[in-house]
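Numbering of the sequence shown is given in full-length UniProt numbering, commencing with residue 1 and proceeding in unit increments. Note that CB positions come from ideal geometry on N, CA and C, so glycine has one too. In this text the structure is predicted, and so the values were computed from the model without any measurement. Some notes on the structure that comes next.
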Amino acid sequence: MVLYTSPFPNSFLSVLHSFSWGLIFPCYWLADRLVASFVPTTYEKRQRADDPCYFHALCIIITTPIYLALLVASLPFALIGFLLWSPLQSARRPYIYSRLEDKSHANGAALLTEWKAAGAGKSFCFGSANVCLLPDSLARFNNVFNTQARAKEIGRRIRNGASRPQIKIYIDSPTNTSISAASFSSLVSPQGGDNTNRAVNVGMKRTTSLEYKGDNSGSNNSEDAREDKAGVGEPNEGEENSCIVRINGEENGLMSDAEADAVNGQPNASGLAEQSPDGEAENSKTPNHKQKEGDSGSLDSYTASRESLVKVRIGDGTVDQSTVNNKLLYKASIMKKTSVRKKKHTDETFDHEISAFFPANLDFLCLQEVFDKRAAEKLKEQLHHYFEYIVYDVGVYSCHGCCSFKFVNSGLLFASRYPVMDAAYHCYPNGRGTDSLASKGALFLKVQVGSTPQDQRIVGYVSCTHLQALAGDTTVRCEQLDMLQDWLSEFRKSTSSSSTANPEELVAFDVICGDLNFDNCSSEDKLEQQHSLFTHYKDPCRIGPGEDKPWAIGTLLDPEGLYDEEVCTPDNLQKALESEEGRKGYLVYPTSKNHSSSQKGRKASLKGNGRRIDYMLYTEEGLYLEWKVEVEEFSFITQLAGLTDHLPVAMRLMVSTGEDDP
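Given below as structure tokens:
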């Protein structure tokens with residue numbers, strides 16, 4: 001299957017499309033700004049509350065007539081552009097495939113050589129998030145604004161979080177089974193030098209998911225990895241860039257600032273501000289997210305470096321390994337108490353947490369509601385610092401391919417560190433209401449993640465979708481779930497080049513990610529909860545229909561509280577969601593006749609821990625028979641606090657080959 005790298009099959013149609021959109025854009029932009037000026041967010045309302053001169057009201061009075069006059073003047077040009085634009089959509093391709101052009105920074109091909117399906121298994125990390133990148137006027141109805149700036153900041157935070165080395169911290173105590181939030185998403189800050197990603201073996205070996213695949217902000221670190229092995233000893237396979245910190249139970253005390261700086265290789269905290277790969281200062285802010293003390297969302301704050309992270313850096317000089325070990329084996333109390341999520345249910349087979357960071361070594365990312373084209377370009381540019389392969393601008397426009405007229409695309413975006421082999425998109429034809437104006441659908445992808453010594457390809461399947469959003473449309477969502485299963489089955493058959501007798505490909509995983517717009521605890525969503533999809537695919541957060549695991553929380557935030565001091569930063573949001581009172585205050589719960597619709601201050605006992613509408617599902621069906629797939633880690637992520645009204649989720653899968661670990 002050919003991957004489409006441009007929206008049209010030839011340059012003539014592309015030029016004609018750009019010309020038609022150029023005629024439409026002024027009218028579109030003016031209408032967007034006009035509506036946006038009358039829909040303030042709670043952040044803007046608070047900013048204007050202290051304005052005694054009513055300056056903003058005066059600005060609206062002055063600018064509204066100007067916007068209206070220009071809007072009317074641009075309408076004839078927009079009409080001509082629309083008459084050209086609409087028929088062109090019949091020739092438009094359903095997505096754009098983008099690959100990092102700078103070959104010196106590309107390392108997707110190198111990743112394929114890391115796993116030969118021999119010996120130990122391999123872990124893969126998946127992330128999913130609804131980022132609400134609508135046109136600014138529409139985004140304001142969800143209490144977020146400045147779509148263009150948010151898109152850039154969202155991309156920057158995701159790749160900053162994912163590109164840091166992986167650290168695992170375990171508490172060595174018979175009475176404490178807690179796992180720190182740093183266990184699989186706290187990160188070491190790479191700060192230049194040849195020894196940026198050097199491994200520090202400071203604790204016990206863990207037998208699962210210890211590999212770090214390098215700093216994939218665009219550079220191939222295979223040479224560095226080989227040098228690291230020579231400089232620090234021979235770590236086990238898959239562990240060369242991991243740092244496992246074992247915290248003993250004895251009283252070792254806390255590190256002083258001077259000691260911490262000595263370990264970090266820095267004289268003071270002034271070195272914590274970093275430069276991003278594109279040369280921009282890492283402390284840039286978006287208007288709707290003002291960084292405060294304790295904001296670790298961008299991984300450059302003082303708190304992020306000293307409390308949320310364990311920073312290990314070895315300089316060019318000789319470092320006494322025992323000194324490093326002693327300084328890292330300090331009491332767990334140096335970590336913020338709210339950064340620790342206890343595994344209260346000892347029968348759980350995998351780690352789970354609320355994390356202030358995207359997990360290190362994120363392999364695949366599925367995003368929803370990337371509707372705005374300009375925002376999608378800005379987001380893509382940021383994500384390309386980490387992900388080599390991106391599929392974006394997914395969907396159809398006008399009347400092409402679906403029953404009703406589509407004004408915007410599907411909003412789906414997929415990013416991968418591994419090469420994409422095939423891709424397909426299908427539009428749900430049964431959308432209703434305002435959802436029918438968007439080409440919501442499903443994006444199916446086949447990726448190659450390795451090869452065997454016999455030159456058999458190791459592949460995986462990832463599906464990204466966004467279902468009908470309107471409440472009460474239970475039947476519509478169930479129909480869309482039926483179509484999702486049928487389309488996925490057809491995609492796997494059409495892209496498979498294997499036979500049972502002579503398999504050319506070995507399937508390692510099959511994962512579905514997306515915003516399904518129903519939760520597993522609401523009485524109104526019983527039909528979706530019992531859908532056959534959940535008999536074929538497993539939900540790590542679910543016990544059964546109508547019942548989630550006690551540690552699972554909702555992923556839909558209360559829009560009215562997005563800018564409250566208690567939740568406006570990743571650290572603060574993490575703290576709030578780790579308490580039942582915080583969840584009741586800032587998560588949306590299923591509506592009930594017995595409770596007020598207001599989320600604030602609600603103390604009544606409610607079923608579940610909020611509406612969990614963002615899902616990550618996996619299956620063991622249709623995979624290579626001798627392999628086993630297990631969830632290794634699951635996290636709810638607060639790093640996008642103040643930038644979207646959803647909580648991202650992440651899942652790490654371990655693919656075991658059935659052979660004994662070395």
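Assigned secondary structure, residue i (DSSP; H/G/I helix, E/B strand, else coil)
i	result
Glu504	coil
Asn130	strand
Arg611	coil
Thr147	helix
Gln574	helix
Lys327	Its pLDDT being 39, under 50, Lys327 is placed unreliably in this model, and the coordinates cannot settle the point.
Phe364	strand
Ser410	coil
Ile553	coil
Ser523	helix
Gly642	coil
Glu620	coil
Glu528	helix
Leu111	helix
Ala91	helix
Leu587	strand
Gly121	coil
Endpoints, beta strand (DSSP E) assigned at residue i
i	result
Ile96	Ile96 to Arg99
Thr465	Arg457 to His466
Arg652	Val649 to Ser656
Tyr389	Tyr389 to Tyr392
Glu353	Asp351 to Ser355
Asp136	Segment Asp136 to Ala139 is the alpha helix (DSSP H) holding Asp136; no beta strand (DSSP E) there.
Glu632	Lys628 to Ile637
Inter-residue Cα distance where the pair is residue i and residue j
i	j	result
Leu643	Val131	7 Å
Asp525	Asn517	10 Å
His352	Val629	17 Å
Gly279	Gln382	With a pLDDT of 44 at Gly279, under the threshold of 50, the modelled position of this residue cannot be trusted; read the value that follows with caution. Rounded to whole angstroms, Gly279 to Gln382 spans 12 Å at the Cα level.
Phe491	Ser410	19 Å
Leu481	Tyr537	12 Å
residue 664	Leu617	Given that the chain is displayed from residue 1 to residue 662, the structure contains no residue 664 and the question cannot be resolved.
Leu533	Gly431	20 Å
Glu44	Glu547	39 Å
Pro277	Gly472	Note that Pro277 scores a pLDDT of 46, beneath 50, so its modelled location is shaky; the value from the coordinates is reported in the next line. So the alpha carbons of these two residues sit roughly 46 Å apart.
Ala423	Tyr95	9 Å
His531	Leu58	54 Å
Leu328	Ile60	With a pLDDT of 37 at Leu328, under the threshold of 50, the modelled position of that residue is not reliable, and the figure given next carries that caveat. So the alpha carbons of these two residues sit roughly 56 Å apart.
Asp645	Glu565	15 Å
Val420	Glu388	10 Å
Ile48	Pro40	First, the amino acid is wrong: residue 48 is Arg here, not Ile. Between Arg48 and Pro40, the C-alpha separation is close to 10 Å.
Phe55	Gly582	35 Å
Leu527	Phe12	48 Å
His466	Cys366	11 Å
Thr149	Val370	Note on identity: in this sequence residue 149 is Ala, with Thr being the wrong assignment. Their Cα atoms are separated by approximately 13 Å.
Gly622	Gly127	22 Å
Member of the options whose CA lies at the smallest distance from the CA of residue i
i	options	result
Ile354	Thr555, Lys122 and Ile80	Thr555
Gln448	Tyr586, Ala120, Met654 and Asp363	Asp363
Phe25	Pro9, Leu70, Lys152 and Glu44	Leu70
His384	Ile158, Ala442 and Thr638	Ile158
Phe636	Thr569, Met651 and Trp627	Met651
Glu153	Leu75, Thr619, Ser123 and Leu640	Leu640
Arg164	Tyr428, Ala423 and Ala360	Ala360
Asn520	Pro65, Thr349 and Asn609	Asn609
Ser416	Ser494, Ser398 and Tyr461	Tyr461
Pro590	Ser523, Gly544, Leu527 and Phe444	Ser523
Thr434	Tyr428, Asp455, Pro419 and Gln468	Gln468
Leu3	Pro550, Ser98, Ala31 and Arg150	Ser98
Val35	Ala356, Ser6, Leu138 and Gly161	Leu138
Arg457	Leu412, Ser496, Ile80 and Glu504	Glu504
Arg93	Arg612, Asp455 and Asn10	Asn10
Asp102	Gly127, Thr113 and Tyr386	Tyr386
Gly450	Trp85, Ala31 and Leu111	Leu111
Cys464	Phe358, Arg612 and Cys513	Cys513
Host alpha helix (DSSP H) of residue i (start-end)
i	result
Tyr67	Phe55 to Leu88
Val15	Ser11 to Ala36
Glu381	Lys373 to Leu383
Glu480	Checking the sequence shown, residue 480 turns out to be Gln, not Glu. Taken as a continuous stretch (DSSP letters only), the alpha helix (DSSP H) holding Gln480 covers Thr474 to Thr495.
Ala438	Segment: none, Ala438 is in no alpha helix (DSSP H) and carries neither H nor E.
Tyr43	Thr42 to Arg48
**Item:** Stretch-stretch touch, CB-based, cutoff 8 Å, three pairs: the stretch 429-439 with the stretch 485-494
**Value:** By the C-beta criterion, the stretch 429-439 is judged not to be in contact with the stretch 485-494, since fewer than 3 inter-stretch pairs fall below 8 Å.
Count the CB pairs spanning the stretch 363-380 and the stretch 567-585 that are closer than 8 Å, and state whether there are at least three. These segments do not touch.
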